[in-house]
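Peer 1:
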Amino acid sequence: MPASTLQQHPLAVIGGRRLDPTTVTPPHRAASIRGEPLPTTRAHPPAVAIVGAHGGAGTSTLARWWAPAADCEQSWPGSPQTTQRVVVAARLCLPGLIACADRLREWHAGAAPEGVQVVGVVLSAARPGRVPAPVRRYRAVVEDLADHVWEIGWHDELIERELSELAEFSPFDPVPQRRARLTEAVPLDVHHVGSELIDVLACTTKNLIDQHDSEK
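Quick note: the sequence shown uses UniProt numbering, first residue 1, plus one each step.
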């Protein structure tokens, strides 16, 4: 069924668009589930889990770049003891977008663990240069299935850096200089997406609080 024909479920949304599960066919292969709580490796528990739609989606790099994030590899975060808010990560190529759409349909169909909330998608460049037209067209399918779709460009310096060398983004960090080394600051697009992600997470938290207050 084309994504554009899917309908929004009137009761299934808390801070994000959730489609009526009866209108969505889940993929044949479901993602694995991480039963353990997400690790707290920084000063605060993670605020969002980065879930890879496929191998090589860049989850470890994104989780390193964004201090409020945790790498959940290719598994849904199944433990309610830590955050179950999710950003799905994929490469900006046709296989990556198809895998991403599968994970999003899985969530919309209600096949992901209870409590999981997909807040957005991050597409990382698969190569330098222009994105081919077929890839751009299929990107629209992903846009129909997610509230927020962000892009991260190609960064050559990643080839020669270990994860532990990369600088981190934290909320309220100043905008980095355009040509800063990756050991000194995150790239401009990573900072921009990180700032928007923090705003989205703040919105979902407020909506959860408002819903809780209305149910008292």
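Here a beta-carbon is modelled for each residue, glycine too, at the ideal position from N, C-alpha and C.
Measure the CB-CB distance between residue 126 and residue 103 and report whether it falls below 7 Å.
Peer 2: No; because the gap between Cβ atoms is not below 7 Å, this pair is not in contact.
Peer 1: Within the chosen definition, does the stretch 26-33 reach the stretch 61-69 through at least 3 CB pairs nearer than 8 Å?
Peer 2: No contact exists between the stretch 26-33 and the stretch 61-69.
Peer 1: Spatial neighbours of residue 112 within its chain, please: CB distance less than 7 Å, with the 5 preceding and 5 following residues excluded, ordered by chain position.
Peer 2: Taken in chain order, the residues that qualify are 76 and 106.
Peer 1: Measure from the alpha carbon of residue 41 to the alpha carbon of each residue in 114, 68, 21 and 87, then state which is nearest.
Peer 2: Checking every option, the nearest Cα to that of residue 41 belongs to 68.
Peer 1: State buried or exposed for residue 178, treating a residue as buried only when at least 16 other CB atoms are found within 10 Å of its CB.
Peer 2: It counts as exposed.
Peer 1: Using DSSP bridges, identify the partner residues of residue 120.
Peer 2: DSSP output for residue 120 lists 87 as bridge partner(s).
Peer 1: Apart from the five residues on each side of it in sequence, which residues of its chain come closer than 8 Å, Cβ to Cβ, to residue 56?
Peer 2: 91, listed in sequence order.
Peer 1: So, with DSSP's three-state summary, where would you put residue 21?
Peer 2: Correct three-state label for residue 21: helix.
Peer 1: Would DSSP call residue 278 helix, strand or coil?
Peer 2: This structure cannot settle anything about residue 278, because the visible part of the chain is limited to 1 through 216.
Peer 1: On the DSSP letters alone, give me the boundaries of the beta strand (DSSP E) that residue 102 sits inside.
Peer 2: Careful: residue 102 lies outside any beta strand (DSSP E), inside the alpha helix (DSSP H) at 94-108.
Peer 1: Could you name the residues of the same chain whose beta carbon sits closer than 7 Å to that of residue 201, not counting the 5 residues immediately before and after it, in chain order?
Peer 2: 47, 48, 85 and 119.
Peer 1: Between the C-alpha atoms of residue 145 and residue 17, what's the straight-line distance to the nearest angstrom?
Peer 2: Each residue's alpha carbon lies about 8 Å from the other.
Peer 1: When we look at the beta-carbon of residue 71 and count the other beta-carbons within 10 Å, is it buried (16 or more) or exposed?
Peer 2: Label assigned to residue 71: buried.
Peer 1: Is residue 163 near residue 108, with beta carbons less than 7 Å apart?
Peer 2: No, these two residues do not count as a Cβ contact at 7 Å.
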